[in-house]
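Chemist: Pasting in a structure now, in structure tokens, and then I'll have a few things to ask.
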Amino acid sequence: MLRLAAGAVTDAAGLALEHEPVPADQVVAGTPTTGYVPLDESEPGEIGVWEMSVGAMRDVEVDEVFVVLAGSATVEFEHVPSSGGPAAPIELAPGSVVRLEAGMRTIWTVREPIRKVFIAR
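Start counting the sequence shown at 1; every next residue gets the next number (full-length UniProt numbering).
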């Protein structure tokens, strides 16, 4: 099991992330790529760093809370399971804290590469 070292600092903003192209069936615009590195796996869930380049993609979310470290994006909610319908889009910028619900169908439109630290189950 991967664990963060107690009392140690991890530079989430400076971590090198290897990017891969977003699968064609998820691409909405451009040629977005994503990168990811896990930091910790434990009973409460997984902690990691995720990044997306400029472009737009569709996704189906898991239960997650994240904090944006860098970048600018809009997230549209096509479907929210708890309400049964869509929800208003949100704007992301450094410092944004967001909770996602498992099963949400989203469209991420990234204007400046976005990086977030997340906790997911």
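Idealized CB from N, CA, C, for every residue including glycine. Quick caveat: nothing in here was measured; it's all calculated off a predicted structure.
Please go through the same chain and pick out, in chain order, the residues whose beta-carbon is closer than 8 Å to the beta-carbon of PRO81, but skip the five residues on each side of it.
Modeler: Taken in chain order, the residues that qualify are GLU101, ALA102, GLY103, MET104.
Chemist: Residues in its own chain within less than 8 Å of TYR36 by CB, not counting five upstream and five downstream?
Modeler: For TYR36, where only same-chain residues beyond five positions count, the Cβ hits under 8 Å are LEU17, GLY48, VAL49, TRP50, GLU51.
Chemist: Applying the 10 Å Cβ sphere with the 16-neighbour rule, what's the burial state of ALA88?
Modeler: The residue in question, ALA88, is exposed, as its Cβ has fewer than 16 Cβ neighbours within 10 Å.
Chemist: If you run the structure through DSSP and keep just helix, strand and coil, what is residue 122?
Modeler: Because the chain here runs from 1 to 121, residue 122 falls outside it and cannot be looked at.
Chemist: Is there at least one Cβ from chain C nearer than 8 Å to PRO89's Cβ?
Modeler: Given the protein chain composition of this structure (a single chain), no chain C is represented.
Chemist: Take every Cβ of the region 26-40, pair it with every Cβ of the region 64-74, and state whether three or more of those distances are shorter than 8 Å.
Modeler: These segments do not touch.
Chemist: What is the rounded straight-line gap between the Cα of SER96 and the Cα of GLN26?
Modeler: Those two C-alpha atoms are separated by around 24 Å.
Chemist: May I ask you to report which of helix, strand or coil DSSP gives ALA13?
Modeler: Coil at ALA13, not helix or strand.
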